[in-house]
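Trainee:
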Amino acid sequence: MIKIKPLPPTSIEELQQRAFTLAGKTLYQLALEQGLCVPTTLHHAKGWIGQLLENALGANANNLDQPDFTSLGIELKTLPINAQGQPIESTYICTAPIPNRDPCFEQSRVWRKMAHMLWVPILSLARQPIKHRQIGTPILWSPDPLIFHDLKQDWEELMELMSLGHFEDLSAHKGKYLQIRPKAANSKTFVRVLNHEGQMISTVPKGFYVRTLLTQRIIQENYIT
DNA sequence: ATTTGATCATTT
DNA sequence: AAATGATCAAAT
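If you're matching positions, the first sequence starts at 2 in my numbering and goes up one per residue.
1. So Gly136 packs on Gly25, CB below 8 Å; how close in whole Å?
2. Could you tell me which residues DSSP puts in a beta bridge with Ser203?
3. What residue does the alpha helix (DSSP H) around Pro146 start on, and which one ends it?
4. Pairs of beta-carbons, one from the region 88–98 and one from the region 179–191, closer than 8 Å: are there three or more?
5. Is the region 111–129 in contact with the region 69–87, if contact means three or more CB pairs nearer than 8 Å?
6. State yes or no: is the C-beta of Thr22 within less than 8 Å of the C-beta of Ile50?
7. Using only the heavy atoms of the ligand HEM, determine whether one of them is closer than 7 Å to the beta carbon of Gln52.
8. Between the Cα of Glu76 and the Cα atoms of His44, Asn101, Leu16, which residue gives the shortest distance?
9. Cα separation between Thr11 and Glu55?
10. What separation, rounded to the nearest whole angstrom, lies between the Cα atoms of Lys175 and Thr213?
11. To the nearest angstrom, how far is it from the Cα of Lys207 to the Cα of Lys153?
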């Protein structure tokens, strides 16, 4: 089977136009266009839907530490939602740099991705085969000043804990919209870090995630059923 | 080894 | 039921 991947969109309008043509399609339809089969379970294909959408839209960052549409500075995220339009899962953003290499929120990996995002809702109903999941109307989104403020505050709080070596206080419970969670192949994976007493300790690599509290707001305020 | 794409599974 | 912590696969 030949895999069809368009060139990256050259403008926001082109990306938006492409994205809108996907609305209403099922994963089966989209996969067929790419000569792919939809897996019956995501147990061993957790990122499959995200990759399908990247291919369909011409994302070109691959696994680089950059927004998916590099030249447009736009990050693509699929967002599973239920019948009520509520997000089912939190959203991974990027790895947390340990030790910190981001000078400030405005120049952080988190902000580079969150400044401009294309959310593609995936209507994911229980007991429905994955191939029948339907693509929703995409949402081109940027944080408003209030959200920006909260994200920045979360980032600064979380980065301060890490920079000061307070890994024992760092958990998914911190942060209003952003949180830090383990991000590794498994819980035995570790990196060496300096704790707040200056000692080398081991910890599991971390990633930044967005809580459903924020994605729920984005859906409520922007989603067209 | 690391970053991407996330969802799974256990705990609360 | 929702949130946290654990895990899986591909690309480089």
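From the three backbone atoms N, C-alpha and C, an ideal C-beta is built for every residue, glycine too.
Mentor: Answer, in terms of the structure:
1. First, the amino acid is wrong: residue 136 is Ile here, not Gly. About 7 Å separates the two Cβ atoms, so the contact holds.
2. Arg193
3. Start and end: 146–164.
4. yes
5. yes
6. no
7. Judged by which ligands are present, the structure shown has none, so any question about the ligand HEM falls away.
8. Taking the Cα of Glu76 as reference, the smallest distance to any Cα among His44, Asn101, Leu16 is reached at Leu16.
9. 15 Å
10. If I take the Cα positions, the gap works out to 14 Å.
11. Distance between the alpha carbons of Lys207 and Lys153 is about 18 Å.
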